[in-house]
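Please read the structure below before turning to the comments.
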Amino acid sequence: MKYDYLIVGAGLFGATFAYQAMKKGKKVLVIDKRNHIGGNVYTENIEGINVHKYGAHIFHTDYKDVWDYVNSFVEFNRYTNCPIARYKNEIYNMPFNMNTFSKIWNDVIIPDDALRHINEERNEMEGIEPSNLEEQTISLVGRTIYEKLIKGYTEKQWNRDCKDLPAFIIKRLPLRFTYDNNYFNDRYQGIPIGGYTKLVEKMLEGIEVRLNTNYFDNREEFNKLAKKIVYTGMIDEYFDYKFGKLEYRSLRFDTKVLDQDNFQGNAVVNYTGKEVDYTRVIEHKHFENNESGKTVITYEYPDDWTSDKEPYYVINDEKNNELADKYRKLAQKEKNVIFGGRLAEYKYYDMDDVIKSALEISELEIH
Ligand code: FAD
Ligand code: UDP
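With positions in the sequence shown counted from 1, the corresponding number in the working numbering is that position plus 35.
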């Protein structure tokens with residue numbers, strides 16, 4: 036056999052595994068059906084600006100080893116994610132913090148003032164165990180914040196009423212009583228200077244990569260090429276959808292180059308009302324302070340997923356989790372194939388988790 040590993044997918048999982056294998060002297064072939072490397076973290080330079088083609092990506096982690104690892108390939112800047120939420124013509128800071136509360140209630144100066152308002156609003160949930168996202172949010176922050184900053188955004192994102200959504204989605208939203216707009220609590224945060232594509236290019240340096248190459252177009256031939264396969268595509272597709280199809284949420288991106296220097300003054304603005312269909316507008320130059328007389332912005336529209344669209348978000352409800360479990364059981368029995376990354380594990384994964392997982396699996400696997 037010509038290769039030790041055939042890696043299906045040049046995203047972060049595939050690239051990390053490929054680099055680790057190459058370092059240990061293994062022969063590796065990476066294929067990807069897209070016309071570029073990087074998977075969903077791919078950035079493309081337009082007008083001197085690194086554009087996040089598949090949505091805003093901010094690297095944040097508590098794992099020092101993962102932070103040191105990515106920084107060994109490229110330097111990261113000190114970008115801190117401080118998204119702005121726009122509700123009609125009102126502007127608020129995210130995540131919910133003292134800046135948000137003092138704007139929502141104009142008599143809020145110190146944390147006790149904010150707590151007084153929030154506790155008063157939480158009263159409507161007294162004695163009720165939250166059973167859905169609406170109830171969970173009101174019991175966390177009260178109805179005013181729910182209606183201005185959560186309801187519209189969430190219903191657009193998931194195309195479901197908040198009463199029909201599980202509470203856990205909202206538990207990810209941080210709530211703090213300090214004047215701190217940093218979205219993430221992690222110790223390390225930043226954006227690779229020069230874009231994520233540069234990071235993945237460095238990881239794949241010296242490794243054979245074939246783009247525009249779909250594993251399923253030539254499955255038998257590919258299987259003959261390598262001793263083992265690392266598969267990072269959709270798990271149900273690998274098994275020919277034999278138990279049925281898993282579901283996803285998709286997104287549609289509408290990118291515009293504008294002949295102006297600064298469009299919205301922040302990299303990420305969330306649109307939390309129902310009066311527009313998009314959930315976010317990204318202004319890419321602010322991630323790296325790219326110098327350019329122009330600016331590139333992207334409107335992000337949530338979209339129902341069909342098989343001709345990109346599967347961006349897994350749907351971790353009961354029905355899909357059960358189905359994914361059936362496929363995971365099959366995957367465990369599959370000899371000589373490693374399933375890794377968000378699609379092959381059907382798991383909501385941040386970038387650092389994907390890298391961590393690829394490092395751990397490759398450590399066990401490659402001798
Ligand atoms: P992917 O990047 O999806 O890579 C899989 C690759 O496999 C793809 O390139 C695909 O083309 C290829 N492939 C699939 N099937 C085949 C086939 N049959 N043949 C050949 N190739 C195939 N994480 C963060 O940490 N911070 C963020 O701010 C953040 N923001 C995000 C915003 C959005 C809108 C989304 C969707 C995700 C975000 N993430 C973020 C998550 C991040 O994108 C993922 O953690 C990461 O990209 C997953 O890497 P992966 O290698 O598992 O998958
Ligand atoms: N959310 C919201 N308003 C916002 C931002 C987020 O209601 O302005 C909710 C929404 O339900 C979303 C969840 O919080 O699905 C998680 O959002 P986040 O941006 O943290 O995660 P991502 O969409 O990047 O996975």
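The C-beta atom is built at its ideal place from N, Cα and C for all residues, glycine as well.
Three-state secondary structure (DSSP) of residue i
i    : result
L293 : strand
P227 : strand
A379 : coil
E369 : coil
S107 : coil
F219 : coil
T135 : helix
Y89  : coil
Y384 : coil
V244 : strand
F274 : coil
L239 : coil
Y54  : helix
Y114 : coil
L175 : helix
E164 : coil
D252 : helix
N75  : helix
V389 : helix
I185 : helix
L200 : coil
I180 : helix
Given residue i as reference, the closest of the options once Cα atoms are compared
i    : options                   : result
D67  : C197, N141, K277 and F251 : F251
Y334 : P346, L293, E369 and F374 : L293
I185 : E164, R121 and K233       : R121
G241 : L210, A53 and K280        : A53
K237 : K58, L41, K37 and D39     : K58
I153 : R113, L210, N351 and Y313 : L210
K263 : T51, K61 and G46          : K61
N301 : T51, T307 and I332        : I332
C117 : L281, T135 and E125       : T135
S392 : Y38, Q55 and K37          : Q55
I205 : V176, D103 and T213       : V176
N305 : Y218, V65, K198 and I173  : Y218
K277 : N124, A359, V43 and G46   : A359
K37  : F212, A261, F257 and N112 : A261
K382 : K320, E310, D296 and F48  : F48
Q295 : T51, I42 and E82          : E82
R151 : R287, P337, K361 and F212 : F212
T248 : I72, D39, S327 and Y40    : I72
T267 : W140, E380 and N141       : E380
I317 : V65, E369, H87 and L41    : H87
Those residues which DSSP pairs with residue i across a bridge
i    : result
I126 : R121
A261 : Y38
H152 : Its beta-bridge partners do not exist; DSSP assigns none.
T96  : Y223
N80  : N85
V43  : I66 and Y266
F288 : E335
L210 : F131
Y283 : V349
Rounded distance between the beta-carbons of residue j and residue i, thought under 8 Å
i    : j    : result
M129 : I119 : 7 Å
K387 : F94  : The sequence given here places Asp at residue 387; Lys does not occur at that position. That pair is a contact at about 7 Å.
D97  : D221 : 5 Å
G230 : N85  : 4 Å
L365 : F274 : 6 Å
Inset, instruction - Let me know the alpha helix (DSSP H) ranges lying completely inside the region 299-374, each 4 residues or longer, listed in chain order. - result: 320-323 and 353-368
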